[in-house]
Amino acid sequence: MAGNSFRRLWSWISIMILPGCLFSLNGEQVPCVPYLSDTIDENYNDSKAEVMLFLREDCNSETNTSDMATDIQDYFDRFNFDVQITVIPLSLSCETKTWGLDALLRVLGERRAKALVAALDSPMCEVTVKLAHLWNMPLFTWTCPLKDSEERQVSSIVRLSPSLPMIAKALAEMLIHLQWKTVAIIGTDHEPWMSLERALLNSLQSIGAVVRRRAVLPRRASFEQIRKILRTVYKVSRRVTVLCLPTSDEDGLITRVLSEIDNVQQTSNSMWDSMTVIVHTEDDDLFLPAGNTSISYFDSATSNVSLATLTPLNLSDSALNVSYETTFDDYDDSVAVADTLEEAEEQETRQRPWNKSKTSNRFHPPRNLSSTFLERLITITPLDYRYDVEKVFEGVERYMVPTLMDRLNETLNILMNDNSSINAFNNKIYTYVMLDWRVDAWKPIMITVEGREKLFVRKLSTNAVAFRNMNDTDLPRCNIDVNGIPFIDCTENTSDESALRIAHIVTIILGSLLLTVFAISVAILIRKKLLKKRMSKGTYKIILTTSDFVFPQVPQVDSRRVDEGIERMLCCWLQQLQEFGGPEVEKPDLLQLGSVSSLKPCLRTSTGNLTRHNFLKDPRARYNGDFVQLKELPTQGTFELKSKTMDVLAMIHGLRHENLNPLIGCLNEPTRPCLVYEYCSRGSLEDVLVQDEIKLDWSFRLSFLTDLVRGMRYLHGTPVRVHGYLTSRNCVIDARWVLKVTDYGLPVFHEAQNIVPPAKTARDLLWTAPELLRQPNLRKKGTQAGDVYSFGIIMQEVVVRGEPFCMLALSPEDIIEKVMKPPPLIRPSVSKGAAPPEAINIMRQCWAEAADMRPDFNDVHDLFKKLNHGRKVNIVDTMFQMLEKYSNNLEELIRERTEQLDMEKKKTEQLLNRMLPSSVAEKLKLGMPVDPEEFREVTIYFSDIVGFTTISAHSTPFQVVDLLNDLYTCFDATINAYTVYKVETIGDAYMVVGGCPVRIPDHASQIATMALDLLHQSGKFKLKHLPNTQLRLRIGLHTGPCCAGVIGLTMPRYCLFGDTVNTASRMESTGAPWRIHLSQVTRDRLIQAGGYQIEYRGRTEVKGKGKMPTYWLLGKQGFDKELPKPPTLGFLMLLSVAILPPSSGKTMG
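Position one of the sequence shown corresponds to residue 0 (numbering that gives the first Met the number 0), numbered consecutively onward.
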């Protein structure tokens, strides 16, 4: 593109400007361009010859032009070059309006410069060369290589870069030397590689080599593209494969090509003897050993290091007389200085960004290549002729990559002193080196040295793989001259032998062809039989019969199952949102109608058939339990599938895409054949658009169009290539509102089966492109551009929700007539407000009159990506995205209510665990019954308050409640430290059990210690309303068996039953204040545990038991809490009178 633009610009300059600029009215040649700006004029010095420096190569750098010019001039002043260097400012040379041509024309027009030195980008080369030649201005450049022999006629141009024709010629000389004659060339589609390929073809033709195949790869070709393009190359035999590809590998193209060739070589024998040659076109260090490159003399001269001993490079006339062994005369001095230069290199690189050399990367083959392939991989690269190739690759001599200062120094030497370094075509002389890969580095095996009139070839190695099979050559072996260059001079006595050999070869070839034809014929017959068998039997058969189908009368409700499921789910979601306090949400368009399926007739067809037969009352049927769509085929007489048609059916059947309605098979009936597709319950796109009850906003319509673009993009990339019959009738919509393309492949099917397509009415042709209307034969097959036009008309239908051209008051016949014969150009008229401007623009591009002006579906897909802002859009996603906007509040409300529910649940569980044992509560929560449980031995605690009746008589009910609540809250907190369970409180009575419901062996000691602790708490307990009254607690303990269970459903309680409960209650009632009364069994358990202080009370009368030995628990070893001092037993009868202190001055005695 850039090259074409500059060629047009050059033509404009040549035709419009230059004739008027170069010749005045009186015929004198005068310049017509103004002088440069003051920036250049200030640097001009009449005493010196001026050289203009035009740098477009550094347009992307941040170089200061004035500093660059000063440094360059200072450097050359040191060596007394009588020259004035003027650097054209980058602001002029890099301006983008005229690509720097304005400044260039000024320089040439002033005619005060002796020469122009230019570092150009590739598109500027052709224009600059022609302008310099027109003005007869010497031009020195190293960025515009010589591309073809015609450019040699421009004698005023000196090129300091390798010549592409000379590289090609050097390679051809090496092929002659190696006796390789059959060649395949793999190139790319951009410069300079296209020019290199042309030069190589000319050179190979001049030596009689045969180019068996040429392949051109795109610049950024993928593995799939490379494999597809190179497929033809693999099929031919050749001795060498030449790669004219960029070796910088910025895009990884050469890496992918090498990997692909190696892969094919390992899996096929077609390339067993083929060598692979990489052609490199630049004089850099890409293939040199690592660490060989050094900074140049001229870079060092501008650094802070003193280099007084260095002198500018002057090439003598004897430089070329040493032929290909020429090196620098002062090589030893350069090695001595190299160490000093290394210290200056880093600083110089920082201080002179405009003087940097190219990055010293190295080209290495990909690591995944096989060793066999690497042995047969070689490359050819140009090197400066002044270097000894063998010393460079042995590391004895360092190769210096030329920089800007090197180029300028060499330019001035050629301009003022010595031009022996250039050839007769004003191109710098190079040595061309052939390298092969040795383990981890490139090694030279052959060189071609460029002389004044001819090229000299010399071997540097004898054991290279390229030399091993020279006897097995494909070039006629004839006489060779003394210089080692092949010289074909075959005698006539070999003609008979050659004729006999040719006859043998022809006989073998003909026999092979006959055998091959026979084998192919047999294989075709077998394949046909196998294909027919496979297509007629099995689960995935394609050729179907009527016995495979069931033709029911389908009730309407069946086609609504999926719809109702989705709609009920969405409606339920919206209802929940409103129940939780969410905003009022209007139902989506598709939900306002209830069931959308009820809006369309049950018997509507879904494939947009072009024709229908009356025998199909319902075009649906059941196949393998699912509904399918039957599309009848036009027939003339009895229908029978041809073998070619079966291949077409197999190809169409294999197409699978989410936006293609898949072909299931073909109903092979002699009188009523049909194509069988999946059934889409929503009908065609036309059916949906004409129903005003279905509300479709722009997002829904955009989703339909996006689905159509995806389906057609896929279809155009398949072997079908073209739809041919694309209308809104064969765009069907399934239950999920996904659009699918159907009826594809019909033109190919009709052609294979020799079916004449039915005639179309004028209305059926409204989607047809103008060029197809004008050419009926082309219309039968269709074109990709025609499909794009049809898409534009469908887009109009979707945008305005009307028929094609519905806004025009014309009949379909008139519309077709005007579309076929413009002017005037007739197209649908769509208002700008009907859709976004971008969509209207896409639609108009698609129905352009010229087919080549229409975008293909890849471009349309990219445009729709921008229209969708990169999102993947379909209707179901759109519906859910819309509902998600309203669901945020619902989610927040649900989260808050869920947290509240969890808190209440925790409270309920805590309350339940307080009322019942945890094991019992878990069973009740799970709905499990709680059976009564018997415990072999437990210890029960009973206590009450002595004189509670008297205290209650002197207290209000609220004070009594507060008293008991405070007391038992204190008791509840105390018993948490023990493995016991509080059974209940009744009035002032407090009941605790140990060993139930959790069985523990030390239940007696747990209850006894707890009783001492509660006695301690009661001794220090103070009544709020009677602060002077002491709370005397009476405690009784007993140990024995019992039974436990949950009683009741309302307010269930965990109760204990058995004689042990009664005895424990009797121990409490027969006890004394501030004392703990024990039974004999409990005393025995505590004695067993040890550490308790127990006093024998005597035999006590117990109701229902008679006299029982009982005991007092006085304390426990290690229990340091203070216990209240119990009253003496003799005063127990008076205790009820002395509970309360006197309140009115009376003494209670």
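Backbone N, C-alpha and C define an ideal beta-carbon position, used for all residues, glycine too.
Rank 996, 1026 and 1030 by C-alpha distance to the C-alpha of residue 967 and give the top, closest one. When 996, 1026 and 1030 are compared, the shortest CA-CA separation from residue 967 is found for 1030.
Going by the beta-carbon positions, is the gap between residue 229 and residue 190 smaller than 8 Å? Their beta carbons are not under 8 Å apart, which means residue 229 does not touch residue 190 by this criterion.
Under 8 Å between the Cβ atoms of residue 781 and residue 842? Cβ distance not < 8 Å, so residue 781 and residue 842 don't count as in contact.
CA-to-CA distance, residue 1052 to residue 927, given in whole angstroms: When rounded, the distance between both Cα atoms is 16 Å.
Nearest to residue 759 (by Cα), restricted to the options 141, 240, 1093 and 726: Per the Cα distances, 726.
Is it buried or exposed for residue 736, if we count other Cβ within 10 angstroms and need 16 for buried? The residue in question, residue 736, is buried, as its Cβ has 16 or more Cβ neighbours within 10 Å.
Identify which residue in 251, 853 and 50 has its Cα closest to the Cα of residue 71. Comparing Cα positions, the closest option is 50.
Hey, residue 197 and residue 147 are a contact pair by Cβ (cut 8 Å); roughly how many whole angstroms apart? Cβ-Cβ separation between residue 197 and residue 147: approximately 7 Å, consistent with a contact (criterion under 8 Å).
Report, in whole angstroms, the separation of the C-beta atoms of residue 118 and residue 54, which I expect to be a contact under 8 Å. The Cβ separation is near 5 Å, so the contact holds.
Answer with buried or exposed for residue 849, where buried requires no fewer than 16 other C-beta atoms within 10 angstroms of its C-beta. Counting Cβ neighbours within 10 Å, residue 849 comes out exposed, since fewer than 16 surround it.
Roughly how many whole angstroms lie between the Cα atoms of residue 430 and residue 447? Rounded to the nearest angstrom, the two C-alpha atoms are 6 Å apart.
Distance, Cα to Cα, residue 1117 vs residue 1092? When rounded, the distance between both Cα atoms is 11 Å.
Indicate whether the contact test is met: 3 or more Cβ pairs, each with one atom in the region 1013-1032 and one in the region 944-963, closer than 8 Å. The region 1013-1032 vs the region 944-963: in contact.
With a threshold of 16 other CB atoms inside 10 Å of the CB of residue 635, please say whether the residue is buried or exposed. Exposed.
Note down the Cα distance separating residue 1128 from residue 1071, rounded to an integer number of angstroms. So the two alpha carbons sit approximately 8 Å from each other.
Under 8 Å between the Cβ atoms of residue 436 and residue 524? Contact flag unset, no.
Thinking C-alpha only, which one of 783, 411 and 756 is nearest residue 768? Residue 768 has its Cα closest to that of 783, out of 783, 411 and 756.
Ignoring anything shorter than 3 residues, give me the beta strand (DSSP E) runs that lie fully in the region 915-945, in order along the chain. Segments of the beta strand (DSSP E) lying fully in the region 915-945: 932-944.
Below 8 Å, how does it come out for the region 915-929 and the region 982-991: are there three or more Cβ pairs, yes or no? Counting Cβ pairs under 8 Å, fewer than three are found: no touch.
So who's on the other strand from residue 1076, going by DSSP bridges? DSSP, once it has assigned bridges, lists 1035 and 1111 as partnering residue 1076.
I'd like to know if the region 718-725 and the region 672-679 are in contact, where contact means that at least 3 CB-CB pairs between them fall below 8 Å. Contact fails: fewer than three Cβ-Cβ distances are below 8 Å.
In this structure, does DSSP put residue 806 in helix, strand or coil? Coil at residue 806, not helix or strand.
Can you tell me the Cα-Cα spacing of residue 949 and residue 1123, whole angstroms? Cα to Cα, residue 949 sits roughly 21 Å from residue 1123.
Taking Cβ positions, are residue 160 and residue 282 nearer each other than 8 Å? By the CB criterion at 8 Å, residue 160 and residue 282 fall inside the cutoff.
Do the region 630-646 and the region 500-517 meet, that is, are 3 or more Cβ pairs less than 8 Å apart? The region 630-646 vs the region 500-517: no contact.
Backbone CA spacing between residue 911 and residue 924 [nearest angstrom]: About 9 Å.
Just confirm the distance between the C-beta atoms of residue 721 and residue 746, as a whole number of angstroms; I'd bet it's less than 8 Å. Contact flag correct, Cβ pair sits at about 7 Å.
Alpha carbon to alpha carbon, what distance is there between residue 135 and residue 29? Bear in mind that the predicted position of residue 29 carries a pLDDT of just 35, short of 50, making it too unreliable to give a figure here.
Span of the alpha helix (DSSP H) holding residue 1058? In the DSSP assignment, residue 1058 falls within the unbroken alpha helix (DSSP H) covering 1058-1068.
Express the C-alpha separation of residue 828 and residue 806 in angstroms, rounding to a whole number. Approximately 7 Å between the Cα atoms of the pair.
Within 10 angstroms of its Cβ, does residue 187 collect 16 or more other Cβ (buried), or is it exposed? With 16 or more Cβ atoms within 10 Å of its Cβ, residue 187 is classed as buried.
Would you say residue 534 and residue 528 are within 8 Å of each other, going by their C-beta atoms? Inclusion of residue 534 and residue 528 in the CB contact set at 8 Å is not warranted, their separation being larger than that value.
Give me the Cα-Cα distance between residue 994 and residue 979, rounded to the nearest whole angstrom. Each residue's Cα considered, the two are about 7 Å apart.
Count the other CB atoms, across all protein chains shown, that sit within 10 Å of the CB of residue 859; report buried if there are 16 or more and exposed otherwise. That one is buried.
Comparing the C-beta of residue 952 with each C-beta of chain D, is any distance below 8 Å? In the displayed structure, chain D is absent; only one protein chain is listed.
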